[in-house]
Ligand SMILES: Nc1ncnc2c1ncn2[C@@H]1O[C@H](COP(=O)(O)OP(=O)(O)O)[C@@H](O)[C@H]1O
Ligand SMILES: [Mg+2]
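In our numbering, the protein residues as written are 217 to 447.
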């Protein structure tokens, strides 16, 4: 099982400004296999966020095809895509998007209420995640009462709560201190050990795990691919 990109291209048009279109991702093909660990590394503007959005079915490609298992996204309804995403994908966006009137705990739980687990179990797991992220005690705070890095941690807990088969994390540790970054990456490792695929986009170098696929991105294309890392 995998999420597959087949020669995907994404062009952004700026109709109002009259400037030339931006080719954010250019003819990229990649397989994200279940159980794999992938890092997409590159400078700002190289196309990482766009590629992650394409792979997660959030952004529609201008050309090429995204395939979730055997679902060709261009051939199925938006509802089918949403259902797959709900069931199988966890997405940590680069910029935090939290409901400002909900508490930390409510923000973590609310998109996950469809999970076939009791609210008690979900709450327990959410609190465990908050503890590991050093955010315990702030579960009743509102996003406006937290720092940018703390908001990011809430987004991380929210995506991890459902133990997604595929986790896409956009700059998950770029604004965190080293200790917190390590806890976040440890949580990703735990998920990976349970068989999930982890895909990280980052402009900061990240320590590679054993058998990490590392793609270096530049101007919308992969420049380099290596596999390896620490045992
Ligand atoms: N929604 C958008 N509309 C127009 N241009 C965009 C949009 N998102 C990204 N871009 C452009 O696409 C290029 C790649 O951006 P992005 O995928 O965010 O790269 P990265 O995540 O590596 O910084 C940049 O030149 C950026 O300005
Ligand atoms: Mg980005």
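By construction, the Cβ of each residue, glycine as well, lies at the ideal position given by its N, Cα and C atoms.
Residue i: which of the options sits nearest, CA to CA?
{"i": "residue 260", "options": "440, 435 and 443", "result": "435"}
{"i": "residue 311", "options": "346, 237, 386 and 424", "result": "386"}
{"i": "residue 252", "options": "421, 419, 413 and 418", "result": "413"}
{"i": "residue 246", "options": "272, 345 and 235", "result": "272"}
{"i": "residue 397", "options": "299, 285, 365 and 334", "result": "365"}
{"i": "residue 309", "options": "346, 269, 236 and 382", "result": "269"}
{"i": "residue 330", "options": "303, 336, 382 and 291", "result": "303"}
{"i": "residue 389", "options": "420, 297 and 361", "result": "420"}
Please state whether the Cβ-Cβ distance between residue i and residue j is less than 7 Å.
{"i": "residue 416", "j": "residue 305", "result": "no"}
{"i": "residue 384", "j": "residue 307", "result": "yes"}
{"i": "residue 220", "j": "residue 283", "result": "yes"}
{"i": "residue 225", "j": "residue 243", "result": "yes"}
{"i": "residue 227", "j": "residue 265", "result": "no"}
{"i": "residue 431", "j": "residue 441", "result": "yes"}
{"i": "residue 218", "j": "residue 248", "result": "yes"}
{"i": "residue 411", "j": "residue 424", "result": "no"}
{"i": "residue 338", "j": "residue 325", "result": "yes"}
{"i": "residue 280", "j": "residue 433", "result": "no"}
{"i": "residue 359", "j": "residue 313", "result": "no"}
Does DSSP put residue i in a helix, a strand or coil?
{"i": "residue 383", "result": "strand"}
{"i": "residue 410", "result": "coil"}
{"i": "residue 289", "result": "helix"}
{"i": "residue 390", "result": "coil"}
{"i": "residue 371", "result": "helix"}
{"i": "residue 251", "result": "coil"}
{"i": "residue 223", "result": "strand"}
{"i": "residue 448", "result": "Because the chain is modelled from 217 through 447, residue 448 falls outside the range shown and cannot be assessed."}
{"i": "residue 272", "result": "coil"}
{"i": "residue 426", "result": "coil"}
{"i": "residue 437", "result": "strand"}
{"i": "residue 262", "result": "coil"}
{"i": "residue 357", "result": "coil"}
{"i": "residue 330", "result": "coil"}
{"i": "residue 298", "result": "helix"}
{"i": "residue 312", "result": "coil"}
{"i": "residue 245", "result": "strand"}
Would you kindly work out how many angstroms separate the C-alpha atoms of residue i and residue j, rounded to a whole number?
{"i": "residue 448", "j": "residue 343", "result": "Absent from the model: residue 448. The displayed extent of the chain is 217 to 447, so no value can be given."}
{"i": "residue 403", "j": "residue 437", "result": "29 Å"}
{"i": "residue 351", "j": "residue 392", "result": "13 Å"}
{"i": "residue 316", "j": "residue 377", "result": "20 Å"}
{"i": "residue 394", "j": "residue 356", "result": "26 Å"}
{"i": "residue 319", "j": "residue 380", "result": "23 Å"}
{"i": "residue 400", "j": "residue 370", "result": "11 Å"}
{"i": "residue 340", "j": "residue 422", "result": "30 Å"}
{"i": "residue 229", "j": "residue 418", "result": "25 Å"}
{"i": "residue 406", "j": "residue 293", "result": "33 Å"}
{"i": "residue 363", "j": "residue 301", "result": "28 Å"}
{"i": "residue 274", "j": "residue 353", "result": "33 Å"}
{"i": "residue 323", "j": "residue 285", "result": "29 Å"}
{"i": "residue 349", "j": "residue 235", "result": "43 Å"}
{"i": "residue 443", "j": "residue 428", "result": "5 Å"}
- Closer than 5 Å to ligand 1: residues, by C-beta to nearest heavy atom, in chain order: 228, 238, 240, 260, 261, 262, 263, 264, 265 and 266
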